[in-house]
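In our numbering, the protein residues as written are 18 to 500.
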């Protein structure tokens, strides 16, 4: 495979509307297409993050790749080890410049060059560097086996630890077990005593800054002290550590059914980059859709100029609601929980409070849609919630059974027939004309005879209305009306 001069893979650019875009240079597709058997070959991927020390490590580890000549002009580069292209497990390695401020993102061209795709991002990023950090956390690390971070390329130990914490805070986008998430190797230079002090300081920062999310993003964090006095020692020790972590990851992926071929990798990446571009940022969603209505509602409750509710400032309450909103969002994402299951668990948790509330106007399950199906406990629910929280019938379409009220936990089975989404409601209008309304009754009898005894006409009607005597017919029990 003839190498490209530029190993650029991913970058952040500015679009016409002054918002950031993810620019994909097609490097992964180029590498996969150059593999002799991408359907069978299973790539392994390492990520190298840093600056000058990282570059020296790449030159030592991959002497046949001409690292300087193929240097990436983008924030994130991708190469394949030229010695492994023919192997069953080709070795891909990502090259990222972190630790120092990246240069200002370039203005995106109106029409990207051949093989280049732009993905406008729907979420807000404080800076290009923050956007690149998100790309690493939720896209690149998604496919990585090992992540090497070179401490000497960061301004301080604290900044290096905080970078790792920031990646953990943004959460892994993977729904696979934690065991197949990347192993981190924190590479430290200098004497063994200095490396030991750096490792202790690194761990102290992780403890002080609250690293609860870190174990969900990475399957392990290891510290490696290397002597840079000789290139051979530096290379051999780093290579041995990376090889060990790669072997561990290979076993973990095999045990969890997560070994992906080159073609799998390309297809999954294409889906992942689109997903990242449209990623919901919970704080932005809350502040755009919910913050103003919440503030307006609380101030209306206390009066037009109210600044407090129950003695608490409105801004403080809004901040608490936002924090809970963000926390629940990440809880659903990190655990791979269905939102319906999350809502069910939440309703069961607060049923002692919500059970006292009754309404015939709003569905208390979702607090959004109109109530349509009242239960015996007077807690009504809508069509949508009947489908979400009810159990579908085995012998009928769009029929659901609700056996327990999630609001108050009262029993009592209720069978709900939901109008199919492609069907308009069937309305029976009965005129009051004729002697005692006899003519409409005769017509109804004829229709029933045509349908047969197995299909009751009342089961085909969603709403029946009538005027004069027709009103009484429409409200008469079906058996009595046809008697």
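Glycine included, C-beta positions come from ideal geometry on N, C-alpha and C. These numbers were taken from a predicted model, which means no experiment stands behind them.
For residue i, which option in the options has the closest C-alpha, if you only look at C-alpha atoms?
| i | options | result |
| --- | --- | --- |
| residue 301 | 138, 134, 211 | 138 |
| residue 415 | 57, 433, 36, 65 | 433 |
| residue 199 | 78, 376, 72, 235 | 235 |
| residue 241 | 219, 115, 297 | 219 |
| residue 151 | 183, 375, 471, 210 | 183 |
| residue 408 | 435, 388, 396, 391 | 435 |
| residue 393 | 377, 34, 437 | 377 |
| residue 197 | 158, 170, 169, 168 | 158 |
| residue 35 | 145, 47, 110, 87 | 145 |
| residue 187 | 296, 370, 325, 176 | 296 |
| residue 135 | 463, 293, 272, 380 | 293 |
| residue 481 | 467, 463, 457 | 457 |
| residue 46 | 225, 258, 229, 284 | 284 |
| residue 87 | 361, 24, 74 | 24 |
| residue 239 | 333, 255, 421, 279 | 255 |
| residue 304 | 327, 400, 149, 340 | 340 |
| residue 58 | 217, 282, 76 | 282 |
| residue 289 | 343, 113, 154, 413 | 154 |
Hey, how far is the Cα of residue i from the Cα of residue j?
| i | j | result |
| --- | --- | --- |
| residue 37 | residue 336 | 27 Å |
| residue 119 | residue 141 | Annotation note: pLDDT 49 at residue 119 (below 50); position unreliable, no value reported. |
| residue 31 | residue 227 | 33 Å |
| residue 338 | residue 372 | 22 Å |
| residue 274 | residue 163 | 18 Å |
| residue 22 | residue 386 | 58 Å |
| residue 63 | residue 276 | 15 Å |
| residue 215 | residue 65 | 19 Å |
| residue 83 | residue 72 | 11 Å |
| residue 397 | residue 365 | 16 Å |
| residue 546 | residue 270 | As displayed, the chain neither begins before 18 nor continues past 500, which places residue 546 out of reach and without an answer. |
| residue 106 | residue 267 | 10 Å |
| residue 143 | residue 438 | 42 Å |
| residue 286 | residue 233 | 21 Å |
| residue 221 | residue 178 | 9 Å |
| residue 472 | residue 318 | 52 Å |
| residue 402 | residue 382 | 7 Å |
| residue 115 | residue 306 | 34 Å |
| residue 483 | residue 430 | 31 Å |
| residue 263 | residue 97 | 15 Å |
| residue 127 | residue 133 | Below a pLDDT of 50, predicted positions are generally treated as unreliable, and residue 127, at 49, falls in that range; no measurement from the model is reported. |
| residue 499 | residue 391 | Unreliable positioning characterises residue 499 in this predicted model, as indicated by a pLDDT of 46, which lies under 50. The coordinate reading is nonetheless provided below. Residue 499 and residue 391: Cα-Cα distance of roughly 28 Å. |
| residue 79 | residue 225 | 37 Å |
| residue 455 | residue 465 | 15 Å |
| residue 10 | residue 41 | The structure shown does not extend to residue 10, since the chain spans only 18 to 500, so no value can be given for it. |
| residue 384 | residue 43 | 45 Å |
| residue 441 | residue 109 | 55 Å |
| residue 26 | residue 173 | 28 Å |
| residue 478 | residue 29 | 57 Å |
| residue 195 | residue 345 | 20 Å |
| residue 244 | residue 190 | 35 Å |
| residue 279 | residue 49 | 6 Å |
Contact check, residue i vs residue j under 8 Å by CB: the rounded distance?
| i | j | result |
| --- | --- | --- |
| residue 331 | residue 316 | 6 Å |
| residue 461 | residue 444 | The Cβ separation is near 14 Å, so there is no contact. |
| residue 201 | residue 181 | 7 Å |
| residue 185 | residue 231 | 4 Å |
| residue 326 | residue 334 | 6 Å |
| residue 167 | residue 74 | 7 Å |
In the DSSP assignment, what are the bridge partners of residue i?
| i | result |
| --- | --- |
| residue 165 | 65, 202 |
| residue 149 | Residue 149 pairs with nothing; no bridge assigned. |
| residue 465 | DSSP, once it has assigned bridges, lists no residue as partnering residue 465. |
| residue 432 | 418 |
| residue 325 | 330 |
| residue 134 | 41 |
| residue 28 | 40 |
| residue 113 | 66, 93 |
| residue 240 | 203 |
| residue 398 | 390 |
| residue 409 | 417 |
Hey, is residue i close to the ligand ADP, as in C-beta under 7 Å from one of its heavy atoms?
| i | result |
| --- | --- |
| residue 368 | For the structure depicted, the ligand ADP is absent and the ligand set is empty, with no information on it obtainable. |
Step through the CB atoms of chain B and report whether any lies within less than 8 Å of the CB of residue i.
| i | result |
| --- | --- |
| residue 223 | Of the chains in the structure shown, none is chain B; there is only one protein chain. |
Original post:
Does the count of Cβ pairs from the segment 200-219 and the segment 244-264 closer than 8 Å reach three?
Top reply: yes
With a cut-off of 8 Å, do at least 3 Cβ pairs link the segment 48-62 to the segment 99-109? yes
Counting pairs of beta carbons, one from the segment 77-93 and one from the segment 306-321, are three or more of them closer than 8 Å?
no
- request: Pair every Cβ in the segment 393-411 with every Cβ in the segment 343-355, then say whether three or more of these pairs are closer than 8 Å.
  value: Judged by Cβ distances under 8 Å, the segment 393-411 makes no contact with the segment 343-355, as fewer than three pairs qualify.
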